[in-house]
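>
2 protein chains.
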Amino acid sequence: MAEGRVTVIDIARAAGVSKSTVSLVLQGSSSVKEETRNRINAAIRDLGYVYNRGAATLRQTGSRSKIIGVIVNDLTNSFFAELAVGIDMVVQSAGYVQFLSSCAENPDRQQELIGSMREHGISGLIICPARGTQASDFKALESSGIPVVVAVRNLPGTKASTLMSANAVGTRAATQHLLSLGHRRIAFLGGFSDMAVFDERTGGYRDALREAGIQVDDELVINAPSSRAGGVEAIGRALAVAERPTAAVCLNDAVAFGVCDGLRARRLEPGADFAVVGFDDVIEAKTAVPALTTVSVDPQGMGRRAATLLLKQINSNSSEGEAVTTAVRLVVRESSGKAINVRQEMA
Amino acid sequence: MAEGRVTVIDIARAAGVSKSTVSLVLQGSSSVKEETRNRINAAIRDLGYVYNRGAATLRQTGSRSKIIGVIVNDLTNSFFAELAVGIDMVVQSAGYVQFLSSCAENPDRQQELIGSMREHGISGLIICPARGTQASDFKALESSGIPVVVAVRNLPGTKASTLMSANAVGTRAATQHLLSLGHRRIAFLGGFSDMAVFDERTGGYRDALREAGIQVDDELVINAPSSRAGGVEAIGRALAVAERPTAAVCLNDAVAFGVCDGLRARRLEPGADFAVVGFDDVIEAKTAVPALTTVSVDPQGMGRRAATLLLKQINSNSSEGEAVTTAVRLVVRESSGKAINVRQEMA
DNA sequence: CTGTTAGCGCTTTCAT
DNA sequence: ATGAAAGCGCTAACAG
């Protein structure tokens, strides 16, 4: 086996036609007589022919292969894994394949990956840039006319389409939810102002309070690491505030879990004694914690949207990105797991 | 820009040499005069040349591209995501790129993916077969001489190298751990005997008990769905057994979490009042639950090993797999997160 | 050490 | 509707 590879010429010979006719069949041209086509397809099957995309791409215009590059910072993070799955769905159904790699938050590695992908002739790239990425890092790619979509993290100064989580919309919805339950002293727990998301998420929180005519009390915005441990710490500090809050919006799900831990340690039941809403960008419903309401971004949906955007650019051949920052999908979910408030936000 | 693509011939012209000399430089041949090489490299930079791997592969022997296909059932499952990351590490450092896709447990989709990957000329494939996959599904691939490594799930009758979790070794270690803590009534919670892993995992549990001279009490092997809810159910039934167990080994981490939920609902503290060990094949240390000891398989390590195995086969050009079922890495971790017992099992 | 000459497997005019 | 011929960008013998 594995003798001299079977090529179009072999199957042409076997079917008693010429290469070009075979090529037409391969491309599904309708201008081949049915009977000839059948004969050719039979030969293809019999000889175990496999199409050589490399050769086809080489000959074809532009030499751009039907592959889409995807670079994420950390595939180990479920958010990105889900994102990749979403991308894969649409990429696959459009007949492309996905080059997926994680750059592990390393800009150098990221550049290597981009280089390697270029050499393989990707038709487009979806990337969640590593921290420290400059817009200029994509200049070479862009000037060679390969469409790029930036996802999750924004990249100031880029001309590429950008797709981000609806941070402000999410915390605003979360806060409104707590207000509707009658809470008035609502804390914001976790994060530090040097994180990009922090400003956006506290922004939505502040907006909702302001809209409800409630003065934002900075004592209730409590900085802490965005981890489970940080959540434990934050709820401790929150409960020590003179005029105690009765509810909290958390920076993310990890913090929210920690807050629940901290509450239980104090014999308080999350949900009943103190309402907690987590911004769920990692774990999603899967590991739903009882008595924890979450606002969630749907990473798969985001992936699907990113891929759709990219394909549109590839097909329209217009490499001008300029697309807007875009919200994706928000779910406010009750402790039971039931979604009580679903909205679609798309720009 | 993006005018007629820059090719070797352009840079040859610019550097005043011939194509072949450029090609030699591209391949890092040492038989080009330093000065010429520099001139060529300068031209490469100036003209923004990008190497066309497709063309190179086409010309080169075998027409096999430097890409490795990876197919998992569900990228959304952290275990597989971690596996993919492990694979990527070694694949990248060997100068290959990874075609990663999820077949979503669908055999048809899986076949499509394999076909697509073949067309792209993958040098090898690492696959976690979808349920219902037949060994014969890989026959075409194998007979074309492309090395295949099967991971995570075993595929009866395949000639390909296979790599699996150390299921029995893991539960055996878990059970031994509980025995060493003085427990004598140890339950096994979760799973049904129609799952492949169930037999292996209960096997290790039974072995450990037997080795300790303890009669296995089938009343303590409790079937339940392998989910969080299943864990809640299982612990309820376990505590209702006449001669109550004092500890449990769980089929997996999801069940273990549910068991902890169930214990807390009964005002029992996991760890202190009832010892729980989870077989942690999904969530790993990241979402460590306080007071839960876990036995874990390191998916990244497994990925690295799978990739190493595959590359060895690719390089040795021997497509005969035949490799053994292999354990990977086990960690028994205390509730604090500290690893108290680490072993390497490699065959 | 460098240039010449042939293709790799496919698509694509252009004839027929 | 089908065939002949040219060539995508690169590498691999050989010559020089």
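If you read the sequences in order, they're chains A and B.
Once you know that position 330 of the first sequence is 352 in our numbering, the rest is easy, because the numbers rise by one and skip nothing.
Once you know that position 66 of the second sequence is 88 in our numbering, the rest is easy, because the numbers rise by one and skip nothing.
Cβ atoms here follow ideal geometry from the backbone N, Cα and C, with glycine treated the same way.
(1) Tell me the rounded alpha-carbon separation between Arg206/A and Gln237/A.
(2) List the whole-angstrom C-beta distance separating Thr180/A from Val172/A, where the pair is believed to meet the contact cut-off of C-beta under 8 Å.
(3) Starting from the beta carbon of Ser338/B, find every residue of chain A whose beta carbon is closer than 9 Å, and list them in chain order.
(4) How about the region 141-158 of chain A and the region 278-285 of chain A: do they share at least three Cβ pairs that are nearer than 8 Å?
(5) Are the C-beta of Gln120/B and some C-beta of chain A separated by less than 9 Å?
(6) Note the first and the last residue of the continuous beta strand (DSSP E) segment covering Ala184/B.
(7) Within the 9 Å Cβ cut-off, does Leu332/A reach chain B?
(8) Do the region 72-80 of chain A and the region 54-63 of chain A meet, that is, are 3 or more Cβ pairs less than 8 Å apart?
(9) Would you list, in chain order, the members of the region 71-98 of chain B that have their beta-carbon closer than 7 Å to a beta-carbon of chain A?
(10) Determine which residues of the region 116-144 of chain A have a Cβ less than 7 Å from any Cβ of chain B, and write them out in chain order.
(11) If I measure Cβ to Cβ from Gly117/B and keep anything under 7 Å in the same chain, skipping five residues before and after, which residues do I get?
(12) In this structure, does DSSP put Cys282/A in helix, strand or coil?
(13) So the alpha helix (DSSP H) Gln335/A belongs to, where does it begin and stop?
(14) Rounded to the nearest angstrom, what separates Ala24/A and Asp110/B at their Cα positions?
(15) Kindly list, in the order they appear in chain B, the residues whose Cβ is closer than 8 Å to that of Ala103/A.
(16) Please return the same chain residues whose Cβ sits closer than 6 Å to the Cβ of Glu291/B, not counting the five positions on each side in sequence.
(17) Which residues of chain A have a Cβ atom closer than 9 Å to the Cβ of Arg59/B, listed in chain order?
(18) Is there a Cβ of chain A sitting closer than 9 Å to that of Ala106/B, yes or no?
(19) What is the DSSP secondary structure of Ile144/A, reduced to helix, strand or coil?
(20) Tell me the rounded alpha-carbon separation between Ala36/A and Ser51/A.
(21) So Asp110/B contacts chain A; which residues on that side make the cut at Cβ distance below 8 Å?
(22) Indicate the three-state DSSP secondary structure (helix, strand or coil) for Pro129/B in the structure shown.
(23) How far does the alpha helix (DSSP H) with Ile257/B in it extend, from its first residue to its last?
(24) Count the other CB atoms, across all protein chains shown, that sit within 10 Å of the CB of Gln49/A; report buried if there are 16 or more and exposed otherwise.
(25) Using a Cβ-Cβ cut-off of 9 Å, state whether Ala369/A counts as contacting chain B.
(26) Using a cut-off of 7 Å between C-beta atoms, extract the partners of Ala173/B located in chain A.
(27) In the DSSP output, which residue or residues are listed as bridge partners for Asp302/A?
(28) Roughly how many angstroms separate the alpha carbons of Met324/A and Asp216/B, rounded to a whole number?
(29) Is there at least one Cβ from chain A nearer than 9 Å to Ser165/B's Cβ?
(30) Could you tell me which chain B residues have their CB closer than 9 Å to the CB of Ala269/A, listed as they occur along the chain?
(31) Taking the straight line between their C-alpha atoms, what separation do you get for Ser248/A and Val277/A?
(32) Any beta carbon of chain B sitting closer than 9 Å to that of Ala162/A?
(33) Look at the Cβ atom of Gln120/B, then the Cβ atom of Leu122/A, and state whether they are nearer than 9 Å.
(34) Residue range of the beta strand (DSSP E) that Val191/B falls in?
(35) How many angstroms separate the CA atom of Ala287/B from the CA atom of Leu135/A?
(36) Which value, in whole angstroms, describes the spacing of the CA atoms of Ser166/B and Ser85/B?
Considering the structure as presented:
(1) Stepping through the first sequence from its first residue, residue 206/A is reached at position 184. Stepping through the first sequence from its first residue, residue 237/A is reached at position 215. Each residue's Cα considered, the two are about 10 Å apart.
(2) Within the first sequence, numbered from 1, the residue matching residue 180/A stands at position 158. Within the first sequence, numbered from 1, the residue matching residue 172/A stands at position 150. Rounded, the Cβ-Cβ distance is 6 Å, consistent with contact.
(3) Position 316 of the second sequence, counting from 1, holds the residue named residue 338/B. Result: empty, since nearest Cβ-Cβ is about 15 Å, beyond 9 Å.
(4) no
(5) Taking the first residue of the second sequence as 1, we reach residue 120/B at position 98. Yes, contact with chain A.
(6) In the second sequence, counting from the first residue as 1, residue 184/B sits at position 162. Here residue 184/B turns out to be Thr, not Ala, going by the sequence shown. Segment Ser183 to Leu185, the beta strand (DSSP E) holding Thr184/B.
(7) Your numbering for residue 332/A matches position 310 in the first sequence. No, no contact with chain B.
(8) no
(9) Val72, Tyr73, Asn74, Arg75, Gly76, Ala77, Thr79, Leu80, Ser85, Ser87, Leu97 and Thr98
(10) Val119, Gln120, Phe121, Leu122, Ser123, Ser124, Ser138, Arg140, Glu141, His142 and Gly143
(11) Residue 117/B sits at position 95 when you count from the first residue of the second sequence. Correct list, in chain order: Lys88.
(12) If you number the first sequence from 1, residue 282/A lands on position 260. Here Cys282/A sits in helix by DSSP.
(13) Within the first sequence, numbered from 1, the residue matching residue 335/A stands at position 313. First-last of the alpha helix (DSSP H) with Gln335/A: Pro321 to Ser338.
(14) One-based indexing of the first sequence puts residue 24/A at position 2. One-based indexing of the second sequence puts residue 110/B at position 88. For Ala24/A, the predicted structure reports a pLDDT of 41, less than 50, and the residue's modelled location is therefore unreliable. The matter cannot be settled from this model.
(15) To locate residue 103/A, count along the first sequence from 1; it is residue 81. Leu97, Thr98, Ser100 and Ala103, listed in chain order.
(16) Taking the first residue of the second sequence as position 1, residue 291/B is located at position 269. Around Glu291/B: no qualifying Cβ.
(17) Counting from 1 along the second sequence, the entry for residue 59/B is found at position 37. The premise fails here: Arg59/B is roughly 20 Å from chain A at the closest Cβ pair, so nothing lies under 9 Å.
(18) Within the second sequence, the letter at position 84 stands for residue 106/B. Chain A contact via Cβ: present.
(19) Translated into positions along the first sequence, residue 144/A becomes position 122. Reduced to three states, the DSSP call for Ile144/A is coil.
(20) Locating residue 36/A in the first sequence gives position 14, counting from the first residue. Locating residue 51/A in the first sequence gives position 29, counting from the first residue. Cα to Cα, Ala36/A sits roughly 20 Å from Ser51/A.
(21) Against the second sequence, residue 110/B aligns to sequence position 88. In chain order: Leu97, Ser123 and Ser124.
(22) Position 107 of the second sequence, counted from the first residue, corresponds to residue 129/B. In the structure shown, Pro129/B sits in a helix (DSSP, three-state: H, G or I).
(23) Along the second sequence, read from residue 1 onward, the residue named residue 257/B stands at position 235. Ile257/B -> alpha helix (DSSP H) spans Arg250 to Leu261.
(24) Stepping through the first sequence from its first residue, residue 49/A is reached at position 27. By the 10 Å Cβ count, Gln49/A comes out exposed.
(25) Start at 1 with the first residue of the first sequence, and residue 369/A comes out as number 347. Low per-residue confidence applies at Ala369/A: pLDDT is 36, beneath 50, and the placement is therefore not dependable, though the value from the model is reported in the following sentence. No, no contact with chain B.
(26) Within the second sequence, numbered from 1, the residue matching residue 173/B stands at position 151. Under the 7 Å cutoff, chain A gives no residues; its nearest Cβ is about 16 Å from Ala173/B.
(27) The residue you call residue 302/A lines up with position 280 of the first sequence. BP columns for Asp302/A point to Ser318/A.
(28) As a working note, residue 324/A is residue 302 in the first sequence. As a working note, residue 216/B is residue 194 in the second sequence. Computed Cα separation, rounded: 36 Å.
(29) On the second sequence, residue 165/B is found 143 positions in, with the first residue counted as 1. Yes, its Cβ sits closer than 9 Å to a Cβ of chain A.
(30) As a working mapping, residue 269/A is identified with position 247 in the first sequence. Ordered by position in chain B, no residue passes the 9 Å Cβ test against Ala269/A, which lies about 23 Å from the chain.
(31) As a first step, residue 248/A must be located in the first sequence, where it is residue number 226. As a first step, residue 277/A must be located in the first sequence, where it is residue number 255. So the alpha carbons of these two residues sit roughly 6 Å apart.
(32) Here residue 162/A is taken as the residue at index 140 of the first sequence, counted from 1. Chain B contact via Cβ: present.
(33) The residue you call residue 120/B lines up with position 98 of the second sequence. The residue you call residue 122/A lines up with position 100 of the first sequence. It is a contact, given that the beta carbons lie within the stated cut-off.
(34) Translated into the one-based positions of the second sequence, residue 191/B becomes position 169. Segment Asn189 to Ser202 is the alpha helix (DSSP H) holding Val191/B; no beta strand (DSSP E) there.
(35) On the second sequence, residue 287/B is found 265 positions in, with the first residue counted as 1. On the first sequence, residue 135/A is found 113 positions in, with the first residue counted as 1. Whole-angstrom Cα-Cα distance: 49 Å.
(36) Looking up residue 166/B in the second sequence gives position 144. Looking up residue 85/B in the second sequence gives position 63. About 12 Å.
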